[in-house]
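A short write-up of the structure that comes next.
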Amino acid sequence: MTFMKKTLAASIAVAAASSLAVSTAQADMSDGEVRIGYLADMSGTYRDLAGPGGLTAMEMAVADFGGSVNGASIVISSADDRNSADVGANTVRGWIDQDNVDMVGGLVASSVSIAVTKVLEENNGLGIVSGSAASSITNEHCTPNHIHWVYDTYPLANGTAKAVVEQGGDSWFMLTADYAFGHALEADVTKVVEESGGEIVGGVRHPFPTNDFSSYILQAQGSGAKIIGLANAGADTVNAITTASQFGLTQSGQQLAGLLIFLNDVHALGLEATQNLLLTTGWYWDMDEQSREWAQRYFDEVGRMPTMVQAGIYSSTMHYLKAVEAAGTDDPETVRAQMAEMPIEDFFARNGSIREDGRMIHDMYLAQVKTPDESTGEWDLYEILSTIPAEEAYRPLSESQCKLVQN
Amino acid sequence: MTMIFGVPMAVFMGQLTLGLVNGAFYALLSLGLAVIFGLLKIVNFAHGAQYMLGAFAALLGFRYLGINYWLALILVPLVVGAFGVLLERFLLRRIAHLDHLYGLLLTFGLALIFEGTLVNFFGVSGARYATPEILQGGLNLGFMFLPTYRAWVLVAALAMCLFTWFMIERTRLGAYLRAGTENSQLMQAFGVNVPLLITLTYGFGVGLAAFAGVLAAPLYPVSPTMGSSLLIVVFAVVVIGGMGSILGAIITGLSMGIIEGLTKVYYPEASNTVIFLVMILVLMLRPVGLFGKEA
Numbered sequence: 001m002t003f004m005k006k007t008l009a010a011s012i013a014v015a016a017a018s019s020l021a022v023s024t025a026q027a028d029m030s031d032g033e034v035r036i037g038y039l040a041d042m043s044g045t046y047r048d049l050a051g052p053g054g055l056t057a058m059e060m061a062v063a064d065f066g067g068s069v070n071g072a073s074i075v076i077s078s079a080d081d082r083n084s085a086d087v088g089a090n091t092v093r094g095w096i097d098q099d100n101v102d103m104v105g106g107l108v109a110s111s112v113s114i115a116v117t118k119v120l121e122e123n124n125g126l127g128i129v130s131g132s133a134a135s136s137i138t139n140e141h142c143t144p145n146h147i148h149w150v151y152d153t154y155p156l157a158n159g160t161a162k163a164v165v166e167q168g169g170d171s172w173f174m175l176t177a178d179y180a181f182g183h184a185l186e187a188d189v190t191k192v193v194e195e196s197g198g199e200i201v202g203g204v205r206h207p208f209p210t211n212d213f214s215s216y217i218l219q220a221q222g223s224g225a226k227i228i229g230l231a232n233a234g235a236d237t238v239n240a241i242t243t244a245s246q247f248g249l250t251q252s253g254q255q256l257a258g259l260l261i262f263l264n265d266v267h268a269l270g271l272e273a274t275q276n277l278l279l280t281t282g283w284y285w286d287m288d289e290q291s292r293e294w295a296q297r298y299f300d301e302v303g304r305m306p307t308m309v310q311a312g313i314y315s316s317t318m319h320y321l322k323a324v325e326a327a328g329t330d331d332p333e334t335v336r337a338q339m340a341e342m343p344i345e346d347f348f349a350r351n352g353s354i355r356e357d358g359r360m361i362h363d364m365y366l367a368q369v370k371t372p373d374e375s376t377g378e379w380d381l382y383e384i385l386s387t388i389p390a391e392e393a394y395r396p397l398s399e400s401q402c403k404l405v406q407n
Numbered sequence: 001m002t003m004i005f006g007v008p009m010a011v012f013m014g015q016l017t018l019g020l021v022n023g024a025f026y027a028l029l030s031l032g033l034a035v036i037f038g039l040l041k042i043v044n045f046a047h048g049a050q051y052m053l054g055a056f057a058a059l060l061g062f063r064y065l066g067i068n069y070w071l072a073l074i075l076v077p078l079v080v081g082a083f084g085v086l087l088e089r090f091l092l093r094r095i096a097h098l099d100h101l102y103g104l105l106l107t108f109g110l111a112l113i114f115e116g117t118l119v120n121f122f123g124v125s126g127a128r129y130a131t132p133e134i135l136q137g138g139l140n141l142g143f144m145f146l147p148t149y150r151a152w153v154l155v156a157a158l159a160m161c162l163f164t165w166f167m168i169e170r171t172r173l174g175a176y177l178r179a180g181t182e183n184s185q186l187m188q189a190f191g192v193n194v195p196l197l198i199t200l201t202y203g204f205g206v207g208l209a210a211f212a213g214v215l216a217a218p219l220y221p222v223s224p225t226m227g228s229s230l231l232i233v234v235f236a237v238v239v240i241g242g243m244g245s246i247l248g249a250i251i252t253g254l255s256m257g258i259i260e261g262l263t264k265v266y267y268p269e270a271s272n273t274v275i276f277l278v279m280i281l282v283l284m285l286r287p288v289g290l291f292g293k294e295a
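Taken in order, these protein sequences are the chains called A and B.
Everything in the first sequence is counted per the working numbering, starting at 1 for the first residue and increasing by one.
Everything in the second sequence is counted per the working numbering, starting at 1 for the first residue and increasing by one.
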């Protein structure tokens with residue numbers, strides 16, 4: 001918090017000093033500055049998938065943009081939401097009321113994002129959600145004041161589950177985290193599995209978080225299902241996969257399907273435990289030259305390869321700044337409309353565009369975790385198997401319950 | 001197939017075994033807490049963090065110094081225990097004469113500092129610690145496949161519990177300790193160095209947590225937050241067993257592991273809360289805990 005206060009104090013001082021010399025271009029920027037707030041879990045379960053690394057990605061975007069838009073300087077503040085919807089909502093309220101923050105980025109835990117986007121809607125702010133999974137963020141919880149960037153539960157289920165069933169994995173046992181996100185993912189997966197001709201033969205809903213998965217893995221082993229679907233995230237997924245490997249689950253002919261797995265999870269688990277796991281991702285650092293180039297710059301700053309969320313934070317911040325520049329204002333409504341008008345084509349997003357429900361759709365990728373023999377380095381973890389085109393990956397607007405969509 | 005309460009016999013037996021393994025962890029951790037509380041009257045909220053430090057010490061020792069698992073099992077509790085001795089000597093002793101609440105706050109603060117510092121360097125995703133080769137693979141028990149390492153955890157944890165119980169309840173040193181906490185002035189009058197005893201006891205309790213940490217390292221991802229989630233459960237176990245009761249902590253730890261394991265079959269949604277339900281029941285019916293002595 002002190003960092004935030006200092007940054008803001010400094011920025012206010014600079015603003016006061018420079019206000020005498022406001023040019024005409026700056027006149028349309030509220031108080032002569034573009035202020036971005038970065039809100040994320042900086043210390044808990046989700047720290048490594050966004051966290052401080054996401055903040056670095058955002059700072060890289062601002063620096064690459066030149067540090068100012070149409071003469072107005074760009075200022076970033078950051079705060080830890082500690083995965084609490086209350087903390088997140090109150091922080092953002094303060095940012096808007098007292099600090100005139102123009103855009104809130106980061107946003108990881110789905111519960112926090114849903115609470116924050118409500119605050120943004122009430123106060124006519126603008127938010128870009130990069131870390132959250134729940135597809136409801138642009139469905140029943142959509143607002144005209146936010147955009148959902150990197151991925152959501154719909155393509156995760158659609159990509160991974162469909163591919164697994166097509167490869168012959170037609171009987172599933174679901175291991176589901178017992179809260180809103182897990183239930184949503186389980187429902188999405190069940191639908192896809194059944195539509196593709198597979199069957200759900202059983203499942204367990206485990207408390208969030210769970211430390212010891214041995215009991216559930218034993219139940220999954222006993223179920224006789226070919227595929228154990230993991231509808232959980234973060235430490236729960238890591239624990240479940242570790243335990244499955246200790247109990248020889250894969251040796252006995254069963255296979256795991258991780259539905260929400262990040263690069264940092266695979267890195268933490270090691271290839272021995274995760275090899276051949278199928279997963280859906282929005283981006284992978286080694287997928288082409290453009291991505292590698294950016295990832296290497298990030299790696300030089302942070303010392304770890306970026307996750308899709310961290311890359312998405314750079315991409316979304318850049319797109320936001322371009323829209324502010326093109327629109328000549330930081331007024332949220334105008335900027336959001338401008339963002340939706342411009343196609344997104346960068347190292348992160350391919351065939352990207354923002355739909356009326358706030359969903360940024362872009363190509364998604366079906367990937368497989370490499371075996372220890374195939375991997376050539378610490379971060380050489382995925383092989384991209386196929387591309388899921390943007391139009392097919394996400395929930396079609398015809399099924400949308402979003403109030404902004406006319407159905 | 002024979003069924004027990006609507007669950008196949010094999011599944012039931014499997015869950016019972018796994019419950020016992022988890023119970024052994026609870027027993028080992030709650031034992032350390034019970035020893036510290038029983039003899040020092042300190043509510044050691046840093047216990048989870050000290051368990052985590054044990055796992056980290058094993059991981060880093062292997063990574064940078066090439067210390068293998070078996071050596072770590074002996075060295076790490078000594079090193080982390082020595083660290084505990086320093087904490088007692090320079091921090092806890094200064095507030096020994098104050099209300100228990102101060103000890104609780106101090107140890108809680110220390111836990112946050114340890115966790116925060118390690119999160120800063122290592123993140124929260126955790127790292128893998130390889131299972132020693134001789135303990136890889138599994139045993140076919142007929143009703144289940146039990147990874148050898150878990151069987152070893154059960155044996156090692158129980159042996160350590162029995163050793164501790166024996167030391168405190170059946171040896172002269174243990175008798176000094178118990179007497180020192182009853183009436184330290186009288187013991188000092190007999191020429192026993194009570195402050196030293198107390199410092200060593202705290203170090204021993206911390207060493208027990210670190211020992212559990214080394215045992216846990218190959219089972220769970222080694223992460224700075226691995227202790228905080230376990231700590232609350234372990235406190236509930238200590239409360240159920242009776243604050244400060246050595247035997248109570250061991251027996252309650254094992255039985256809570258089993259109860260939790262069976263809940264995971266019959267009603268998994270409640271498996272994180274069942275221990276707290278038992279705690280509430282015990283507190284209502286017998287406020288001093290199952291094995292606690294009436295004041």
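Quick reminder that beta carbons are idealized off the backbone N, C-alpha and C, glycines included.
Alpha helix (DSSP H) containing residue i: first to last residue?
i, result
"A:ASP188", "180 to 195"
"A:ASP236", "234 to 246"
"A:HIS206", "Counting along the chain, A:HIS206 falls outside any alpha helix (DSSP H), though it belongs to the beta strand (DSSP E) covering 199 to 206."
"B:THR201", "194 to 216"
"A:ASP410", "For chain A, the structure presents residues 1 to 407; residue 410 of chain A sits outside this window and is missing."
"A:VAL92", "85 to 99"
"B:LEU247", "246 to 266"
"A:THR274", "271 to 274"
Among all the DSSP beta bridges, which residues are the ones paired with residue i?
i, result
"B:VAL8", "This sequence places Pro at residue 8 of chain B; Val is not what is there. In DSSP, B:PRO8 forms a bridge with B:MET3."
"B:ASN140", "B:PHE145"
"A:VAL129", "A:HIS148"
"A:GLU33", "A:SER73"
"A:ALA177", "A:HIS206"
For residue i and residue j, what's the separation of their Cα atoms in angstroms?
i, j, result
"B:PHE122", "A:GLU378", "16 Å"
"B:HIS47", "B:ALA151", "24 Å"
"A:GLY131", "A:ALA220", "30 Å"
"A:SER136", "A:CYS142", "7 Å"
"A:SER23", "A:SER73", "Note on A:SER23: pLDDT 43, under 50, position unreliable in the model; no value is reported."
"A:GLY127", "A:GLY105", "6 Å"
"A:GLN26", "A:GLU33", "At A:GLN26, the pLDDT of 47 sits below 50, so the modelled position is not reliable; the number obtained from the coordinates is stated separately. Straight-line Cα distance between these residues: approximately 8 Å."
"A:THR157", "A:LEU120", "It is worth fixing the name first, because residue 157 of chain A is Ala in this sequence and not Thr. Their backbone Cα atoms lie some 29 Å apart in a straight line."
"B:LEU154", "A:ALA163", "40 Å"
"B:GLU88", "B:TYR102", "14 Å"
"A:GLY54", "A:ASP380", "21 Å"
"B:LEU10", "A:PHE181", "According to the sequence provided, residue 10 of chain B is Ala. The question's Leu does not apply to it. Taking the straight line from one Cα to the other gives about 33 Å."
"A:LEU175", "B:SER184", "54 Å"
Please work out which residues of its chain come closer than 6 Å, Cβ to Cβ, to residue i, disregarding the five sequence neighbours upstream and downstream, and give them in chain order.
i, result
"B:VAL214", "GLY54, ALA58, ALA72, LEU73, VAL76"
"A:ASP346", "SER315"
Hey, is residue i's beta-carbon within less than 7 Å of any beta-carbon in chain A?
i, result
"B:ASN22", "yes"
"B:PHE145", "yes"
"B:GLU269", "yes"
"B:SER125", "yes"
"B:ILE280", "no"
"B:GLY109", "no"
"B:SER255", "no"
"B:ARG63", "no"
"B:ARG89", "no"
"B:GLN136", "no"
Within 7 Å (strictly less), CB to CB, does residue i reach chain B?
i, result
"A:GLN246", "yes"
"A:PRO332", "no"
"A:ASP373", "no"
"A:PRO207", "yes"
In chain order, what residues of the same chain lie with their CB nearer than 8 Å to the CB of residue i, ignoring the 5 residues before and after it?
i, result
"B:LEU118", "MET52, PHE56, PRO224"
Go to residue i, then tell me how far its beta strand (DSSP E) extends in each direction, as first and last residue.
i, result
"A:GLY258", "255 to 258"
"B:LEU110", "Not the beta strand (DSSP E): B:LEU110 falls in the alpha helix (DSSP H), residues 100 to 122."
"A:LEU278", "278 to 281"
So residue i contacts chain C; which residues on that side make the cut at Cβ distance below 7 Å?
i, result
"B:LEU139", "The structure shown has no chain C; the protein chains it does contain are A and B."
In chain order, what residues of the same chain have a beta carbon less than 7 Å from the beta carbon of residue i, not counting five sequence neighbours either side?
i, result
"A:VAL192", "ALA157, ASN158, ALA161, LYS162"
"B:GLY19", "GLY257, ILE258, GLU260, GLY261, LEU262"
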